[in-house]
Amino acid sequence: METRKEKILNKHKIMSGAKITDILLNPNYVENYIKYALQEDEGDLIATDKGSEVGGKHARDSAIDLQMKKLIEHLYSLKFKLEKEKKAQEKEKKSSPSAQSGIKEKGKIINSQKKVTLLKNEQGKFPKRISANNKLCRKCQERGASVTSPVPQLIETIEIYKNRNAEEQRNKIYLIEKYENMLRNIKKRHLNEINEIKNNILMDVDFLIQKYRNISLELLQISKEKEKEKVYEKDKITEICINACNKFEEDVKKRAKESMQVHETRMVKVINDTKREKEDLEKKIALWKKKSNEEKTTNEKRICDIFEKKIKEEHALNEELKNRISVEQEQQNGRIKSLYSKVDSQIKTYEENIVRVFHNILLKNGIKMDLSELSQIVKEEMDEVYGDGNLGTRNMKAGNETLKVKYAFVSFGISCEDQKLEKRF
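Taking the numbering used here, I'd label the letters of the sequence shown as residues 4 to 428.
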């Protein structure tokens, strides 16, 4: 179960670069790490506040979650590192060189004791234990030599050396066991102290995890309150924008009406002048026809030639007048088009000035927002209020033609042509 749990936790774990010796020997390590983590959290929160206000909530929440994940992963990595070192120390205890040397010495003593062979004496049929190191007795027994006088002395010396060797071996084993017990007790005490320190560190880690979870919940609550304040400010800004747009719409309609009335009077005057000239020409033609009929009898040929000549001249004049009328109509249409372009340019400049004024108001109130973003917000609000950006239409009659005035907010941006128009007007 423990290994499975470790595998699940190790999937999203980042190993810490801190050493266990630094953690155990330096008591201020955990406090310094906490201070550093808190400073990083504050820096990330300031960086997220300086960002865009549209995605500010998600950015701050993600930054807080990321910092808390990093801190919890760091604490878990310390925990698993301590557990791994604990297991490694237990393995080193089992495979320590002092324990292995004691086991080897014990094996040597047992092997030396087992090497005592049983040899039969030629005279006695009972077995006798003789050391394997006593080469003299072995050679004498192998050769079958008759040993009479020196044999008892040799046996006594052998027994003395044998007893002395056994006593030395016992003393050696006793000393080895004594010092092994002492080393075992010292290691056990040392391991208990290390385990106690590790358990204290693990308890501190759990406490810190709980503490930072509480801190994250408090930060989330603060971020929610800030979001509510931003929603209130956004509603206030939209209300100001709608009022300003209504005023701008009324101003544009008023100016368009005045300009169209001026051009309508000019067109009526031009049409009346052309009608008057036409009537005068018709009167002159009638008089000339009457005179030609009266003088026809006297000088028919001369009058006919003159009359035809004059008719041609009048016809040319009439054609010239028609051409002039058509040219004036084309010029009038061009003036109307230029007026439309001027009105559009003035609308654009007025719109850009409004966006700049709103941007300055927002900056004075401590709200940072790009010009493009502000113009996009104003455009969306106008689309929601008026639908597809059409603020109003007005039909104005000039002869048989109709004029339709349309207005819509566009994205913020001034081209070179708009700047030239601003300089002219």
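Beta carbons: idealized from backbone N, C-alpha and C, even for Gly.
Please read all numbers here as calculations on a predicted model, not as lab measurements.
I need the straight-line Cα distance from Asn166 to Arg173, nearest angstrom please. Roughly 10 Å separates the two Cα atoms.
Buried or exposed: which applies to Cys244, given that a residue is buried once 16 or more other Cβ atoms fall within 10 Å of its Cβ? It is buried - the Cβ of Cys244 has at least 16 other Cβ atoms within 10 Å.
Given a cut-off of 8 Å, decide if Ile339 and Val255 are closer than it, judged by their beta-carbon atoms. Contact: no.
Using 10 angstroms around the beta-carbon of Ser418, count the other beta-carbons present and answer buried if the total reaches 16, otherwise exposed. With a pLDDT of only 39 at Ser418, under the threshold of 50, the placement of this residue in the model should not be trusted, and no figure is reported.
Output needed for Leu220: all residues of its chain with C-beta closer than 8 Å, excluding positions within five of it in sequence on either side, in chain order. No residues qualify anywhere along the chain.
Gly369, enclosing alpha helix (DSSP H) - first and last residue: From DSSP, Gly369 is part of no alpha helix (DSSP H); its letter is neither H nor E.
Helix, strand or coil for Val381? Go by DSSP, reduced to three states. Annotated three-state conformation of Val381 is helix, per DSSP.
Measuring CA to CA, which of Lys382, His193, Ile370 and Lys72 is closest to Ala247? The candidate whose alpha carbon is nearest that of Ala247 is Lys382.
Between Asn198 and Lys181, what straight-line distance do the alpha-carbon atoms span, to the nearest angstrom? Those two C-alpha atoms are separated by around 26 Å.
Could you give the DSSP three-state label for Ser98: helix, strand or coil? Secondary structure of Ser98 (DSSP, three-state): coil.
At a cut of 8 Å, does the segment 252 to 271 reach the segment 342 to 359 through at least three beta carbon pairs? Output reads yes: the segment 342 to 359 touches the segment 252 to 271.
Work out the CA separation of Ser329 and Ile380 for me, nearest whole Å. The alpha-carbon atoms of Ile380 and Ser329 are separated by roughly 47 Å.
Would DSSP call Lys260 helix, strand or coil? Correct three-state label for Lys260: helix.
Coil, strand or helix - Thr277 by DSSP: Reduced to three states, the DSSP call for Thr277 is helix.
From Val273, Asn326, Lys278 and Val208, pick the residue whose C-alpha is nearest to that of Tyr79; which is it? Selection Val273, Asn326, Lys278 and Val208 evaluated against Tyr79 yields Val208 as nearest (Cα-Cα).
Just the C-alpha distance for Leu160 and Lys190, rounded to the nearest angstrom, thanks. Just to set this straight, residue 160 is Thr in the shown sequence, not Leu. Each residue's alpha carbon lies about 44 Å from the other.
Residue from Val388, Phe361, Lys72 and Gly369 with nearest C-alpha to Glu376: Glu376 has its Cα closest to that of Phe361, out of Val388, Phe361, Lys72 and Gly369.
Classify Ser414 as helix, strand or coil using the three-state DSSP reduction. With a pLDDT of 41 at Ser414, under the threshold of 50, the modelled position of that residue is not reliable, and the figure given next carries that caveat. Coil, per DSSP.
Just verifying my parser: in three-state terms, what is the DSSP assignment at Lys313? Looking at Lys313 - three-state DSSP - the assignment turns out to be helix.
Counting only beta-carbon separations shorter than 8 Å, does Asp209 have a partner in chain B? The structure shown contains no chain B, having only a single protein chain.
Can you give me the C-alpha to C-alpha distance between Lys345 and Ala259, rounded to a whole angstrom? Answer to the nearest angstrom: the Cα atoms are 11 Å apart.
Label Ile240 either buried or exposed according to how many other C-beta atoms from any shown protein chain fall within 10 Å of its C-beta, with 16 as the threshold for buried. In the assembly as shown, Ile240 is a buried residue. Its beta-carbon has 16 or more other beta-carbons within 10 Å.
Using 10 angstroms around the beta-carbon of Leu320, count the other beta-carbons present and answer buried if the total reaches 16, otherwise exposed. Leu320 is exposed by the Cβ-count criterion.
Just checking my contact of Val358 with Leu374 at CB under 8 Å: how many whole Å lie between their CB atoms? Contact holds; Cβ gap of about 6 Å.
Would you decide whether Tyr164 is buried or exposed? Buried here means 16 or more other CB atoms lie within 10 Å of its CB. With fewer than 16 other Cβ atoms within 10 Å, it is exposed.
Can you tell me whether Leu222 is buried or exposed? The criterion is at least 16 other CB atoms within 10 Å of its CB, across all chains shown. So Leu222 ends up on the buried side.
Note down, in chain order, each residue of its chain lying with its Cβ closer than 8 Å to the Cβ of Thr277, except the 5 sequence neighbours on either side. Once the five neighbours on either side are set aside, the close Cβ partners of Thr277 are Leu324 and Ile328.
Pull up the distance between the alpha-carbon of Ile309 and that of Glu322, whole angstroms please. Ile309 and Glu322 have their C-alpha atoms some 20 Å from each other.
Secondary structure of Glu298, DSSP reduced to three states: Under the three-state reduction of DSSP, Glu298 is assigned to coil, being neither helix nor strand.
Given this structure, state the Cα-to-Cα distance separating His77 from Ile204, to the nearest angstrom. About 13 Å.
Beta-carbon spacing of Lys313, Ile306 below 8 Å: Between Lys313 and Ile306, the gap from beta carbon to beta carbon reaches 8 Å or more.
What separation, rounded to the nearest whole angstrom, lies between the Cα atoms of Glu170 and Glu183? Near 20 Å, if we compare the C-alpha coordinates of Glu183 and Glu170.
Assuming contact is defined by CB atoms lying nearer than 8 Å, are Gln92 and Leu186 in contact in what I supplied? It is not a contact, given that the beta carbons lie outside the stated cut-off.
Straight-line gap, Asn124 to Ile179 (C-alpha atoms, nearest Å): Its pLDDT being 41, under 50, Asn124 is placed unreliably by the model, and nothing is read from it.
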